[in-house]
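*Asks:* Quick one: this structure, given as structure tokens, is what I'll be asking you about.
Number of protein chains: 2
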Amino acid sequence: MAKPKKTPRPKAQTPKGFRDYFGTDVTDRAEMLQKIAGVYHRYGFDALESSAVETVEALGKFLPDVDRPNEGVFAWQEEDGDWLALRYDMTAPLARVYAQHRNDLPNPYRRYTMGPVWRNEKPGPGRFRQFYQCDADTVGTASMAADAEICAMLSDTLEAVGIQRGDYVIRINNRKVLNGVMEVAGLAGEDKKAERGIVLRAIDKLDRLGPDGVHALLGEGRKDESGDFTKGAGLSELQIEKIMNFVNSYEPVSNRLALEASRAADEGNSTRADQLTFARYSVDGAFNDREGRLQYSEYRKIWNQRIIDHLREVVGGSDVGFSGVEELQQIHDLLSAAGYSDCRLQIDPSVVRGLGYYTGPVYEAELTFDVQNEKGQTVQFGSVAGGGRYDDLVKRFTGQEVPATGVSIGVDRLLAALRATNRIGTTEQGPVVVTVMDRDRMADYQAMVAELRQAGIRAEVYLGNPKNFGNQLKYADKRNAPIAIIEGGDEKDRGVVQIKDLYLGAKIAETATHEEWAENPSQFEVPRDQMLAKVQEILNQ
Amino acid sequence: MAKPKKTPRPKAQTPKGFRDYFGTDVTDRAEMLQKIAGVYHRYGFDALESSAVETVEALGKFLPDVDRPNEGVFAWQEEDGDWLALRYDMTAPLARVYAQHRNDLPNPYRRYTMGPVWRNEKPGPGRFRQFYQCDADTVGTASMAADAEICAMLSDTLEAVGIQRGDYVIRINNRKVLNGVMEVAGLAGEDKKAERGIVLRAIDKLDRLGPDGVHALLGEGRKDESGDFTKGAGLSELQIEKIMNFVNSYEPVSNRLALEASRAADEGNSTRADQLTFARYSVDGAFNDREGRLQYSEYRKIWNQRIIDHLREVVGGSDVGFSGVEELQQIHDLLSAAGYSDCRLQIDPSVVRGLGYYTGPVYEAELTFDVQNEKGQTVQFGSVAGGGRYDDLVKRFTGQEVPATGVSIGVDRLLAALRATNRIGTTEQGPVVVTVMDRDRMADYQAMVAELRQAGIRAEVYLGNPKNFGNQLKYADKRNAPIAIIEGGDEKDRGVVQIKDLYLGAKIAETATHEEWAENPSQFEVPRDQMLAKVQEILNQ
Chain A
0 MAKPKKTPRP
10 KAQTPKGFRD
20 YFGTDVTDRA
30 EMLQKIAGVY
40 HRYGFDALES
50 SAVETVEALG
60 KFLPDVDRPN
70 EGVFAWQEED
80 GDWLALRYDM
90 TAPLARVYAQ
100 HRNDLPNPYR
110 RYTMGPVWRN
120 EKPGPGRFRQ
130 FYQCDADTVG
140 TASMAADAEI
150 CAMLSDTLEA
160 VGIQRGDYVI
170 RINNRKVLNG
180 VMEVAGLAGE
190 DKKAERGIVL
200 RAIDKLDRLG
210 PDGVHALLGE
220 GRKDESGDFT
230 KGAGLSELQI
240 EKIMNFVNSY
250 EPVSNRLALE
260 ASRAADEGNS
270 TRADQLTFAR
280 YSVDGAFNDR
290 EGRLQYSEYR
300 KIWNQRIIDH
310 LREVVGGSDV
320 GFSGVEELQQ
330 IHDLLSAAGY
340 SDCRLQIDPS
350 VVRGLGYYTG
360 PVYEAELTFD
370 VQNEKGQTVQ
380 FGSVAGGGRY
390 DDLVKRFTGQ
400 EVPATGVSIG
410 VDRLLAALRA
420 TNRIGTTEQG
430 PVVVTVMDRD
440 RMADYQAMVA
450 ELRQAGIRAE
460 VYLGNPKNFG
470 NQLKYADKRN
480 APIAIIEGGD
490 EKDRGVVQIK
500 DLYLGAKIAE
510 TATHEEWAEN
520 PSQFEVPRDQ
530 MLAKVQEILN
540 Q
Chain B
0 MAKPKKTPRP
10 KAQTPKGFRD
20 YFGTDVTDRA
30 EMLQKIAGVY
40 HRYGFDALES
50 SAVETVEALG
60 KFLPDVDRPN
70 EGVFAWQEED
80 GDWLALRYDM
90 TAPLARVYAQ
100 HRNDLPNPYR
110 RYTMGPVWRN
120 EKPGPGRFRQ
130 FYQCDADTVG
140 TASMAADAEI
150 CAMLSDTLEA
160 VGIQRGDYVI
170 RINNRKVLNG
180 VMEVAGLAGE
190 DKKAERGIVL
200 RAIDKLDRLG
210 PDGVHALLGE
220 GRKDESGDFT
230 KGAGLSELQI
240 EKIMNFVNSY
250 EPVSNRLALE
260 ASRAADEGNS
270 TRADQLTFAR
280 YSVDGAFNDR
290 EGRLQYSEYR
300 KIWNQRIIDH
310 LREVVGGSDV
320 GFSGVEELQQ
330 IHDLLSAAGY
340 SDCRLQIDPS
350 VVRGLGYYTG
360 PVYEAELTFD
370 VQNEKGQTVQ
380 FGSVAGGGRY
390 DDLVKRFTGQ
400 EVPATGVSIG
410 VDRLLAALRA
420 TNRIGTTEQG
430 PVVVTVMDRD
440 RMADYQAMVA
450 ELRQAGIRAE
460 VYLGNPKNFG
470 NQLKYADKRN
480 APIAIIEGGD
490 EKDRGVVQIK
500 DLYLGAKIAE
510 TATHEEWAEN
520 PSQFEVPRDQ
530 MLAKVQEILN
540 Q
């Protein structure tokens with residue numbers, strides 16, 4: 000008889016592009032999400048947890064930069080022929096949920112949701128195929144008050160989780176203004192779609208390439224440092240000027256404020272002159288650190304208004320552009336009345352947002368403090384959240400246009416930011432470890448941990464093989480235990496326990512002389528009935 | 000030119016067997032899970048969130064009752080040929096994680112995890128293909144102290160979320176005892192596998208069919224009420240007796256306690272006689288309500304010990320059976336020393352647990368209070384958690400046997416139980432709704448909600464079309480808002496706001512006379528600067 004083939008052992012590995020989260024990676028995130036949910040709830044948003052699985056047709060095709068089959072989603076076919084897929088974001092499922100339940104939901108419907116999404120992308124370093132999103136959206140209202148509310152809420156949320164004012168900015172733009180500029184630059188119409196695409200991508204790179212780089216990409220093209228050439232949009236100088244005048248509104252607004260300030264000074268109105276100069280500083284000179292941003296915070300409002308005024312000129316003659324500027328004005332008025340038009344808010348024409356479905360206001364939260372990137376360079380932390388208005392998404396299901404606006408927080412990035420600034424703890428104090436000196440007295444040791452736990456103290460008994468006591472202390476060390484408790488037969492007979500302060504012990508081990516070491520000041524013998532009190536005393540130090 | 004085909008609209012529907020959770024369905028669950036995590040953490044368990052996606056080979060084939068392709072999992076093939084799948088439970092991924100990271104993890108490794116799992120089963124009423132699990136496991140120790148700890152923790156967890164003592168019981172058995180009984184009944188060996196399967200399934204039905212039903216299934220078979228015949232295991236009367244003597248340990252133990260009690264009474268030891276009688280009552284007469292269970296709680300320990308003694312006799316001659324009884328004894332000794340061997344704990348030979356991978360102790364948490372089932376019948380709520388020891392699961396990956404034990408809580412069922420007993424709120428107070436009387440003064444209304452939110456009050460401004468005021472009040476009603484705030488032009492001029500107490504208003508509408516109604520005692524006019532104070536006053540009533 001032939002021997003049955005041995006099945007090879009499965010590999011113990013997460014699939015490529017997936018990862019596991021341990022300990023504080025899980026609990027820190029949960030803590031952060033709970034704070035976020037608290038703000039959302041206070042703003043009247045209701046929780047929603049939609050199914051992780053959707054039909055492929057319900058998800059639609061909204062993912063950008065798809066380089067994988069199945070349009071970038073993980074999909075499989077059901078027995079009955081239907082294709083199902085894992086959600087790739089929280090917006091497509093929201094549109095489905097709203098269309099399905101619209102008769103039962105309040106209208107407008109404010110909802111928040113948090114959970115994993117999946118993308119069938121080529122895995123790479125730091126590029127994962129499952130990650131968390133945390134979204135808040137308002138469906139069923141075209142009012143700019145909804146967009147303004149979400150920007151204010153985003154600001155409050157960042158502060159609630161521990162990002163300090165002055166360390167972040169909510170940048171706002173409007174897609175209609177962009178479209179207006181395209182119109183003015185002669186790039187409207189279905190046949191100019193390719194050019195518009197190149198222009199949008201160029202604008203999106205302003206941060207990285209600067210005005211000259213964007214200018215080059217709008218014209219013939221640009222050679223980068225490595226010598227690679229990127230073909231440009233091939234626009235005329237006049238077209239480029241119109242677009243640059245929009246993208247880089249910074250310069251003309253700054254110049255105008257300087258001019259007005261000197262005029263005010265000439266007229267002897269030094270207060271006004273100062274205000275206008277500070278307004279310039281609010282973005283310009285004060286851009287580089289938190290103190291500067293806070294110092295000139297109140298003048299940012301003047302700056303923001305001037306940007307809007309400038310945009311109104313730039314889109315002159317375009318109806319859609321004008322309507323976009325009016326929307327920006329409304330959002331700014333509301334946020335300004337609520338006090339947010341300070342260092343927290345920046346009207347910023349270079350905000351584009353990748354996703355194709357945005358139709359009006361777009362917004363982004365950027366963290367402005369410096370961190371070291373993988374290459375050791377100092378860079379601004381950058382974007383942690385973004386969103387905008389998408390009025391057509393529900394229409395796919397119902398045929399009726401349903402206006403909606405919302406924001407998505409990049410949970411992993413925001414958590415990384417909190418850790419980078421020590422706003423959330425990354426190492427956790429381990430449990431008190433009760434060691435096992437006598438295998439037959441496990442019940443005694445269990446009684447000790449029960450006593451500690453009942454007092455709210457995290458505690459555990461060593462459950463490995465107790466033979467080698469050294470292993471028990473190594474285990475306590477690996478657990479980052481603050482305290483180990485020891486009760487051998489001798490201690491039991493005398494009614495006492497030994498309590499080792501492991502943190503103090505480690506500190507002493509680093510610095511102590513032989514005499515100090517011999518005194519062993521990190522180990523205490525206390526009567527058994529004073530164990531709890533002594534443990535509490537050590538933990539409260 | 001032919002017109003391009005119109006794509007049909009996608010259906011706005013959750014895929015079959017999936018569902019969405021709204022509002023308190025999400026937040027109540029989160030609240031419950033947070034309490035559970037608190038207990039687990041205090042017991043020294045660390046959080047783990049493994050990837051939702053695993054390779055099919057890592058998941059293995061442990062699902063029972065598979066009636067769908069892909070072994071009951073949702074799976075798809077990667078471009079590189081690998082098959083990936085959604086996890087169907089939390090245990091298979093834990094085995095993978097432990098095998099992958101064993102050099103970095105503490106040993107033993109206590110971990111908890113909570114999240115969705117997916118089963119590719121035929122959807123049916125109340126049968127979902129995505130649901131939550133919440134697991135705690137200890138990997139790397141064969142000590143019965145680990146099993147005892149998990150049973151104690153399960154008990155503490157149920158009480159922490161709001162299940163009262165006496166309303167639940169942790170039932171414990173041991174697979175080795177079962178195997179020992181099989182051996183004693185002549186059902187050991189590979190060729191008796193089919194019979195053993197029938198016997199196990201019959202035992203599992205003791206609750207539903209009673210001893211006579213199980214007896215029939217062990218013999219020729221059983222005809223149910225509808226006349227359908229289920230073929231039995233075809234055992235001899237002697238075999239059946241041995242198994243029934245095990246399954247239905249209740250009867251012999253009860254009889255013996257009665258006998259001992261009367262003997263003690265004869266000997267004039269009335270205290271002892273009472274204890275033995277109460278021990279009988281602890282499971283018998285007091286089984287039907289919480290008061291009874293609490294009243295005889297302290298005598299349950301005698302009963303539990305007698306069951307173990309009885310099992311020791313039943314498996315006499317089987318090594319594996321004897322070892323199982325000794326393990327039960329150890330767990331009971333530890334739990335008994337910690338005070339848990341009362342109404343919280345029941346040694347119960349009828350606990351089988353479906354999954355094939357259990358190798359030793361098995362345990363189950365059962366809620367004992369009555370609820371109405373879908374048919375309107377009064378039934379015990381039943382099982383909400385279960386688990387056991389599985390010593391072979393990590394071996395698949397590493398070749399080395401790694402002992403492990405753990406429990407899984409059925410999150411949806413436990414939440415349903417809390418709701419059934421009003422331990423957790425199912426309706427939520429909505430936000431204070433600020434109505435919009437004048438579209439141009441949105442900033443004023445936003446200022447009001449901002450003031451309320453800053454005081455920690457959930458509040459929102461109406462964002463729909465404000466034209467029809469009735470719609471705004473209907474919206475407030477749908478949101479279950481406690482209060483609506485109104486500030487028209489007249490109020491604005493006079494520096495006041497109208498505050499409607501909507502809960503009081505609804506109450507008055509039900510009972511008020513015409514005169515009472517005309518007085519409108521649920522609406523207050525207050526100066527604008529007293530709005531917050533008045534809202535707080537109403538909310539605190």
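Those sequence lines, one after another, are chains A and B. Numbering that gives the first Met the number 0 puts the first residue of the first sequence at 0, with every later residue one more than the last. Numbering that gives the first Met the number 0 puts the first residue of the second sequence at 0, with every later residue one more than the last. C-beta atoms are modelled at their ideal positions from N, C-alpha and C, and glycine is treated no differently.
#1: What does a CB cutoff of less than 6 Å around residue 95 of chain B pick up in its chain, not counting 5 residues either side in sequence?
#2: Output, in chain order, the set of chain B residues within a Cβ distance shorter than 9 Å of residue 402 of chain A.
#3: Looking at chain B, is there any beta carbon in it that lies within less than 8 Å of the beta carbon of residue 304 of chain A?
#4: Need the endpoints of the alpha helix (DSSP H) that residue 264 of chain B sits in, please.
#5: Check the DSSP bridge columns for residue 102 of chain A and list the partner residues they point to.
#6: What does the Cβ neighbour count give for residue 73 of chain A, buried or exposed, with the cut at 16 atoms within 10 Å?
#7: So residue 369 of chain A packs on residue 171 of chain A, CB below 8 Å; how close in whole Å?
#8: Specify the secondary structure class of residue 360 of chain A as computed by DSSP and reduced to three states.
#9: I want to see whether chain A comes within less than 8 Å of residue 20 of chain B, judged by CB atoms only; does it?
#10: Give every residue of the same chain whose Cβ lies closer than 7 Å to the Cβ of residue 515 of chain B, excluding the five residues on either side of it in the sequence, and list them in chain order.
#11: Does the Cβ of residue 79 of chain B have 16 or more other Cβ atoms within 10 Å, making it buried, or fewer, making it exposed?
#12: What's the call for residue 194 of chain B, buried or exposed, on a 16-neighbour Cβ count within 10 Å?
#13: I'd like to know whether the C-beta of residue 520 of chain B is nearer than 8 Å to at least one C-beta of chain A.
#14: Do residue 407 of chain A and residue 385 of chain A count as a contact pair if the criterion is CB distance below 8 Å?
#15: Can you tell me the Cα-Cα spacing of residue 471 of chain A and residue 265 of chain B, whole angstroms?
#16: With distances taken between CB atoms, is the gap from residue 310 of chain A to residue 176 of chain A smaller than 8 Å?
#17: Rounded to a whole number of angstroms, what is the C-alpha to C-alpha distance between residue 199 of chain B and residue 235 of chain B?
#18: Let me confirm a value: residue 222 of chain B is counted as buried when at least 16 other C-beta atoms fall within 10 Å, else exposed. Which label applies?
#19: Between which residues of its own chain and residue 66 of chain B is the CB-CB distance below 8 Å, once the five residues before and five after are set aside?
#20: Can you pull the chain A neighbours of residue 115 of chain B, defined as C-beta to C-beta under 8 Å?
#21: Can you pull the chain A residues whose beta carbon is under 8 Å from the beta carbon of residue 362 of chain B, in chain order?
#22: Can you tell which of B:488, B:502 and B:540 has the C-alpha that lies nearest to the C-alpha of residue 616 of chain B?
#23: Does the pairing of the stretch 486-496 of chain A with the stretch 108-118 of chain B give three or more beta-carbon distances under 8 Å?
#24: Name the chain B residues whose beta carbon is nearer than 9 Å to that of residue 31 of chain A?
#25: When the cut-off is 8 Å and only beta carbons count, does residue 42 of chain A lie next to chain C?
#26: Where residue 63 of chain A and residue 192 of chain A are concerned, what is the direct C-alpha to C-alpha distance, given to the nearest angstrom?
#27: Can you grab the Cα-Cα spacing for the pair residue 465 of chain A / residue 499 of chain A, in whole Å?
#28: Does the beta carbon of residue 66 of chain A sit closer than 8 Å to a beta carbon anywhere in chain B?
#29: Please state if the CB of residue 112 of chain B and the CB of residue 143 of chain B are separated by a distance shorter than 8 Å.
#30: Check residue 438 of chain A in the structure and name its three-state DSSP category.
#31: Look up residue 170 of chain A in the DSSP assignment and say whether it is helix, strand or coil.
#32: By DSSP's criteria, residue 129 of chain B is part of a beta bridge. Which residues make up the other side?
#33: Please list the partners that residue 325 of chain A has in chain B, where partner means a Cβ-to-Cβ separation under 8 Å.
#34: In whole angstroms, give me the CA-to-CA distance for residue 38 of chain B and residue 21 of chain B.
#35: Start and end of the alpha helix (DSSP H) containing residue 543 of chain A?
#36: Is the shortest distance between the beta-carbon of residue 39 of chain B and the beta-carbons of chain A less than 8 Å?
*Replies:* So, from the listed chains and residues:
#1: As a first step, residue 95 of chain B must be located in the second sequence, where it is residue number 96. Cβ contact annotation for residue 95 of chain B (same chain, cutoff 6 Å, sequence separation greater than five): 57, in chain order.
#2: As a first step, residue 402 of chain A is located in the first sequence; it is residue number 403 there, counting from the start. Residues of chain B with a Cβ closer than 9 Å to the Cβ of residue 402 of chain A do not exist, since the nearest Cβ in that chain sits about 10 Å away.
#3: Locating residue 304 of chain A in the first sequence gives position 305, where the first residue counts as 1. For residue 304 of chain A, the nearest beta carbon of chain B is not closer than 8 Å to its own beta carbon.
#4: Looking up residue 264 of chain B in the second sequence gives position 265. That run of the alpha helix (DSSP H) goes 249-265.
#5: Here residue 102 of chain A refers to the residue found at position 103 when the first sequence is read from its first residue. Residue pairing of residue 102 of chain A in beta bridges, as defined by DSSP: absent, with no partner found.
#6: Position 74 of the first sequence, counted from the start, is the residue given in the question as residue 73 of chain A. By the neighbour-count rule (16 or more Cβ atoms within 10 Å), residue 73 of chain A is buried.
#7: Position 370 of the first sequence holds residue 369 of chain A. Position 172 of the first sequence holds residue 171 of chain A. Under the criterion of beta carbons closer than 8 Å, residue 369 of chain A and residue 171 of chain A do not qualify as touching, at roughly 23 Å.
#8: Sequence index remark: in the first sequence, residue 360 of chain A carries index 361 (1-based). Strand at residue 360 of chain A.
#9: Here residue 20 of chain B refers to the residue found at position 21 when the second sequence is read from its first residue. It does; some Cβ of chain A falls within 8 Å.
#10: Within the second sequence, residue 515 of chain B is the residue found at index 516, counting from 1. The answer, listed in chain order, is 507.
#11: Numbered from 1 along the second sequence, position 80 holds the residue referred to as residue 79 of chain B. Result: exposed.
#12: Within the second sequence, numbered from 1, the residue matching residue 194 of chain B stands at position 195. Taking all protein chains shown into account, residue 194 of chain B has 16 or more neighbouring C-beta atoms within 10 Å of its C-beta and is therefore buried.
#13: Taking the second sequence and counting its residues from 1, the one referred to as residue 520 of chain B is at position 521. It does not; no Cβ of chain A falls within 8 Å.
#14: For the purposes of this step, residue 385 of chain A is taken as residue 386 along the first sequence, with counting starting at 1. For the purposes of this step, residue 407 of chain A is taken as residue 408 along the first sequence, with counting starting at 1. Yes; because the gap between Cβ atoms is below 8 Å, this pair is in contact.
#15: Start at 1 with the first residue of the first sequence, and residue 471 of chain A comes out as number 472. Start at 1 with the first residue of the second sequence, and residue 265 of chain B comes out as number 266. When rounded, the distance between both Cα atoms is 54 Å.
#16: As a first step, residue 310 of chain A must be located in the first sequence, where it is residue number 311. As a first step, residue 176 of chain A must be located in the first sequence, where it is residue number 177. Taking 8 Å as the cut-off, the Cβ atoms of residue 310 of chain A and residue 176 of chain A count as close.
#17: In the second sequence, residue 199 of chain B corresponds to position 200, counting from 1. In the second sequence, residue 235 of chain B corresponds to position 236, counting from 1. Answer to the nearest angstrom: the Cα atoms are 16 Å apart.
#18: Counting from one through the second sequence, the residue named residue 222 of chain B turns up at place 223. Exposed, since its Cβ has fewer than 16 Cβ neighbours within 10 Å.
#19: Against the second sequence, residue 66 of chain B aligns to sequence position 67. Below a pLDDT of 50, predicted positions are generally treated as unreliable, and residue 66 of chain B, at 43, falls in that range; the measurement from the model is reported next regardless. Cβ neighbours of residue 66 of chain B beyond the five flanking positions: 120 and 121.
#20: The residue you call residue 115 of chain B lines up with position 116 of the second sequence. Result: 51.
#21: Taking the first residue of the second sequence as position 1, residue 362 of chain B is located at position 363. The premise fails here: residue 362 of chain B is roughly 17 Å from chain A at the closest Cβ pair, so nothing lies under 8 Å.
#22: Because chain B here runs from 0 to 540, residue 616 of chain B falls outside it and cannot be looked at.
#23: Too few Cβ pairs lie closer than 8 Å, so no.
#24: In the first sequence, residue 31 of chain A corresponds to position 32, counting from 1. Within 9 Å Cβ-Cβ: nothing; residue 31 of chain A doesn't reach chain B, min ~14 Å.
#25: In the structure shown, chain C cannot be found, because the protein chains are A and B.
#26: By one-based count along the first sequence, residue 63 of chain A stands at place 64. By one-based count along the first sequence, residue 192 of chain A stands at place 193. Note that residue 63 of chain A scores a pLDDT of 48, beneath 50, so its modelled location is shaky and nothing firm can be said.
#27: Here residue 465 of chain A refers to the residue found at position 466 of the first sequence. Here residue 499 of chain A refers to the residue found at position 500 of the first sequence. A straight-line Cα-Cα distance of about 18 Å links residue 465 of chain A and residue 499 of chain A.
#28: Walking along the first sequence from the start, residue 66 of chain A turns up at place 67. Per-residue confidence for residue 66 of chain A stands at a pLDDT of 43, beneath the threshold of 50, marking its modelled position as unreliable; the derived number appears in the next sentence. When Cβ-Cβ separations below 8 Å define contact, residue 66 of chain A makes no contact with chain B.
#29: Within the second sequence, numbered from 1, the residue matching residue 143 of chain B stands at position 144. Within the second sequence, numbered from 1, the residue matching residue 112 of chain B stands at position 113. Contact: no.
#30: Locating residue 438 of chain A in the first sequence gives position 439, counting from the first residue. Correct three-state label for residue 438 of chain A: helix.
#31: Taking the first residue of the first sequence as position 1, residue 170 of chain A is located at position 171. Note: residue 170 of chain A maps to strand in three-state DSSP.
#32: Looking up residue 129 of chain B in the second sequence gives position 130. In DSSP, residue 129 of chain B forms a bridge with B:117.
#33: Sequence index remark: in the first sequence, residue 325 of chain A carries index 326 (1-based). Neighbours of residue 325 of chain A on chain B: none; closest Cβ ~14 Å, over 8 Å.
#34: What you label residue 38 of chain B is simply residue 39 of the second sequence in a count that begins at 1. What you label residue 21 of chain B is simply residue 22 of the second sequence in a count that begins at 1. Taking the straight line joining both Cα atoms gives about 26 Å.
#35: Outside the shown range of chain A, which is 0 to 540, sits residue 543 of chain A, and nothing can be said about it.
#36: The residue given as residue 39 of chain B occupies position 40 in the second sequence. No - not a single Cβ of chain A is within 8 Å of the one on residue 39 of chain B.
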